[in-house]
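Comments concern the structure below.
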Amino acid sequence: MPSLAVTMKGQITLRRDLLTHLGVSPGEKIEVEKLPGGELRMRAARPTGTIDDFIGRHAGKTNEPLTIEETNEIAASGWAGESED
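For the sequence shown, our numbering assigns the number 427 to the initial residue and increments by one for each residue that follows.
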């Protein structure tokens with residue numbers, strides 16, 4: 427079983443193999459559940475946004491049409507729970 431070191435700030439770093447096992451990429455979130463006996467359960471946080479959160483989110487912020495790459499980036503950040511507000 428892998429062990430992790432805790433920093434002075436109370437932070438831990440998960441090794442790449444653990445992140446891969448969880449299916450987590452940089453910028454994504456992990457949910458942690460407290461269990462009895464001092465145990466924790468971790469899993470990748472799944473997007474909870476709705477299409478309504480995305481539609482109109484960037485209305486009026488530009489006069490030029492967005493490229494497909496820009497649209498994809500906006501959609502990805504919205505589903506990841508990020509905000510540009």
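Every residue, glycine too, gets a C-beta built ideally from N, C-alpha and C.
(1) Taking the C-alpha atoms as reference points, what is the distance between Met-427 and Glu-496?
(2) Have a look at Thr-446, Leu-461 and Lys-460 and flag the residue whose alpha-carbon is nearest the alpha-carbon of Glu-454.
(3) What are the start and end residues of the alpha helix (DSSP H) that includes Leu-573?
(4) Taking Ser-429 as the reference, which of Ile-500, Gly-436 and Arg-441 has the closest Cα?
(5) Alpha carbon to alpha carbon, how far is Val-458 from Asp-443? Give it in angstroms, no decimals.
(6) Shortest alpha-carbon distance to Gly-472 belongs to which of Thr-433, Leu-466, Gly-463 and Leu-448?
On the basis of the coordinates in this document:
(1) Here residue 427 is taken as the residue at index 1 of the sequence shown, counted from 1. Here residue 496 is taken as the residue at index 70 of the sequence shown, counted from 1. About 42 Å.
(2) Taking the first residue of the sequence shown as position 1, residue 454 is located at position 28. Nearest of Thr-446, Leu-461 and Lys-460 to Glu-454, Cα basis: Thr-446.
(3) Because the chain is modelled from 427 through 511, residue 573 falls outside the range shown and cannot be assessed.
(4) Indexing the sequence shown from 1 puts residue 429 at position 3. Nearest option by C-alpha distance: Arg-441.
(5) Position 17 of the sequence shown, counting from 1, holds the residue named residue 443. Position 32 of the sequence shown, counting from 1, holds the residue named residue 458. Their backbone Cα atoms lie some 18 Å apart in a straight line.
(6) Position 46 of the sequence shown, counted from the start, is the residue given in the question as residue 472. Looking at the sequence itself, residue 472 is Arg, so the reference to Gly does not match. Here the closest residue by C-alpha is Leu-448.
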